[in-house]
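The sequence shown maps to residues 0 to 419 in numbering that gives the first Met the number 0. Here a beta-carbon is modelled for each residue, glycine too, at the ideal position from N, C-alpha and C. Owing to the predicted nature of the structure, the values given are computational and were not obtained by experimental measurement. A quick write-up on the structure given underneath.
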Amino acid sequence: MIFDRQLNISLKKLKEVILAYKPDVIGISAVTSQSYDAELIIKKVREWMPNIIIIVGGVHFTAEPQDGLDYGADYVFRGEGEKSLLDFMNNGPPKDNKIIWGEPLENLDDIPNLTMDDIEPYIEINRWGPRHFFYLIGSRGCPYNCNFCLGKDQRPKGIRYHSIERIIDFISQIVEKFEVYRFLFVDDIFVMKNSRVREFCERIKKEISVPLYLNCLTHAGHGNSELYHTMRKSGFTGIGLGVEHGNDRILSIIGKNATKAKIEETCIQIYKAGIKLHLLYILGNITETNETITETVDFAIYLHNKYKAKSWFSFMQPLPGAPIYKVAEKYGYYLPKKRIFQYHEISYVPFNATVKHMIKERKRGMIMGNYFGLLRSYKMIKLIHFLRDRTKNIWGKKMLIKRINKIALILEALRSYTSK
Ligand code: B12
Ligand code: SF4
């Protein structure tokens, strides 16, 4: 039985179900932002059923196993859990070990598929406005080692995939049962192997007859023009790219194997294929200065103006498990209010940057890196309406000239601001 707190399961309901079901083992999963909730649940479950076996796993406990034991769990699972959990349930707990490293799966298709009943509760919570979408993961793994991401020692080596048949079959079931047509692949890097992506595109176009709206993540230097065109034709309407920064020195510190030139080249390929670009940036990495933060925002505005890319800015949150977590205090300081997991709030500041500048630049980036185009068309619509209304009489014509001049001035100011 699975209980997911994202579905607004209250502690009261959890207690009722646990006491009625009387499980032998309770397993709790958490990323760092959920670890406080995990601690609370462990304590509550202990109160309700003092002798039950409690195990924990997931990204946070993989990085900080001692936390799990300190919170009161009996066993902590690190790494991938499918094999180790099965072994634990079949053969019982290990005698001399409370922390268990899981052996990674080789073939992801060994995981039993979810049924449409498992999926049903997630259809309603995954929405952007009236549109439903569904998250999918077609692979596990990434060859890079970005300093803010889960460190290489915390995740299995090698990239493993679900078969294309399985992914397409799963999508077609969701389309049929729930009439959901938007899918978001959250594989670390979907555009990893060109041949696989090409095969997926060809098959999904042939095998699913209704139009789909697909989104995924790619990496600078991955894919090529021809591949992105093929993706567009089979329903990919948006692609996310972790640009992270607009300064080559910081990009090399991040460890993403990307340069500004390489990033722009990938943006051009995606843009020319007619796919919307969603670019992600992080402000406040180690060794940043106010100037490098400004450079990042300028780069985002440039990519927005040139390739209509949407920009999203996060502030750096050094999280357990990420390489930056170990060195953050050598290069910066935490604000007194810690435990912030909202990426639009600052918790960490590099020594040569200021909170004020970081906030100001993020605001500038979020507006000018997203809405400049929109702002332009909004002004144009206003101008057309105004022209229509004011050409009715002479007095109106004088006002019209004044207004046109004013709008021209505003547009000019905006243009010079973004191209500075
Ligand atoms: C997809 C994804 C999302 C999606 C989730 C979509 C969804 N509805 O599932 C979205 C975009 C919503 C998201 C949001 C966030 N995410 Co996220 N996300 C990921 C991503 C890319 C994949 C996660 C995943 O599903 N993996 C597949 C599953 C099967 O793997 P898993 O959860 O690790 O579980 C395995 C093992 O850990 C273990 N296991 C897990 N739990 C348990 C429990 C028991 C009892 C046992 C035995 C074993 C076990 O077995 C599992 C199978 O092998 C990871 C990066 C990554 N590669 O892990 C980041 C990642 C998990 N996310 C991260 C973060 C920070 C977040 C946010 C906090 C960001 C934010 N501030 O908004 C939010 C938090 C959401 C929340 N609910 O609190 C970080 C977590 C780092 C940390 N130390 O906490 C990661 C690692 C990315 C990174 N920066 O490195 N995320
Ligand atoms: S941020 Fe993306 S590219 Fe970098 S290590 Fe994590 S998954 Fe890989």
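Residue i versus residue j - alpha carbon distance
i           : j           : result
residue 36  : residue 404 : 57 Å
residue 301 : residue 368 : 8 Å
residue 385 : residue 399 : 8 Å
residue 66  : residue 14  : 23 Å
residue 241 : residue 263 : 12 Å
residue 252 : residue 143 : 12 Å
residue 419 : residue 410 : Confidence at residue 419 is low in this model, with a pLDDT of 49, below 50, so the placement of that residue is unreliable and no value is reported for it.
residue 226 : residue 216 : 14 Å
residue 130 : residue 50  : 45 Å
residue 97  : residue 303 : 50 Å
residue 323 : residue 287 : 13 Å
residue 402 : residue 167 : 55 Å
residue 188 : residue 218 : 6 Å
residue 232 : residue 211 : 10 Å
residue 77  : residue 371 : 45 Å
residue 154 : residue 203 : 30 Å
residue 64  : residue 296 : 37 Å
residue 307 : residue 360 : 19 Å
residue 267 : residue 17  : 54 Å
residue 45  : residue 38  : 11 Å
residue 150 : residue 79  : 14 Å
residue 87  : residue 103 : 15 Å
residue 156 : residue 408 : 56 Å
residue 265 : residue 205 : 27 Å
residue 90  : residue 325 : 36 Å
residue 22  : residue 94  : 21 Å
Best match in the options for proximity to residue i [C-alpha to C-alpha]
i           : options            : result
residue 160 : 199, 128, 146, 153 : 199
residue 293 : 257, 364, 107      : 364
residue 358 : 281, 285, 115      : 281
residue 3   : 26, 271, 308       : 26
residue 182 : 121, 222, 192      : 121
residue 112 : 170, 83, 95, 356   : 170
residue 271 : 228, 85, 255, 158  : 228
residue 101 : 91, 90, 75         : 75
residue 126 : 335, 180, 328      : 180
residue 317 : 30, 207, 79, 148   : 148
residue 139 : 12, 88, 191        : 191
residue 8   : 40, 258, 205       : 40
residue 48  : 310, 150, 93, 19   : 19
residue 110 : 86, 118, 81        : 81
residue 119 : 178, 12, 16        : 178
residue 158 : 407, 265, 260, 105 : 105
residue 352 : 38, 334, 258       : 334
residue 164 : 207, 145, 156      : 207
residue 310 : 243, 151, 406      : 243
residue 256 : 196, 99, 141       : 141
residue 117 : 261, 0, 305        : 0
Beta-carbon proximity of residue i to residue j, cut-off 8 Å
i           : j           : result
residue 173 : residue 235 : no
residue 108 : residue 162 : yes
residue 245 : residue 298 : yes
residue 320 : residue 62  : yes
residue 69  : residue 53  : no
residue 276 : residue 269 : yes
residue 184 : residue 214 : yes
residue 327 : residue 347 : yes
residue 124 : residue 33  : no
residue 230 : residue 176 : no
residue 249 : residue 291 : yes
residue 332 : residue 285 : no
residue 406 : residue 382 : yes
Residue i Cβ short of 7 Å to the ligand COA heavy atom set
i         : result
residue 9 : Ligands present in the displayed structure are limited to the ligand B12 and the ligand SF4, and the ligand COA is not among them.
Cβ-Cβ separation, residue j to residue i (assumed contact under 8 Å), whole Å
i           : j           : result
residue 28  : residue 56  : 6 Å
residue 349 : residue 254 : Actually they are not in contact, since the Cβ atoms of residue 349 and residue 254 sit about 17 Å apart, beyond 8 Å.
residue 186 : residue 136 : 6 Å
residue 356 : residue 289 : 4 Å
residue 42  : residue 10  : That pair is no contact at about 11 Å.
residue 59  : residue 24  : That pair is no contact at about 19 Å.
In chain order, what residues have a CB nearer than 5 Å to some heavy atom of the ligand SF4?
141, 143, 145, 148, 187
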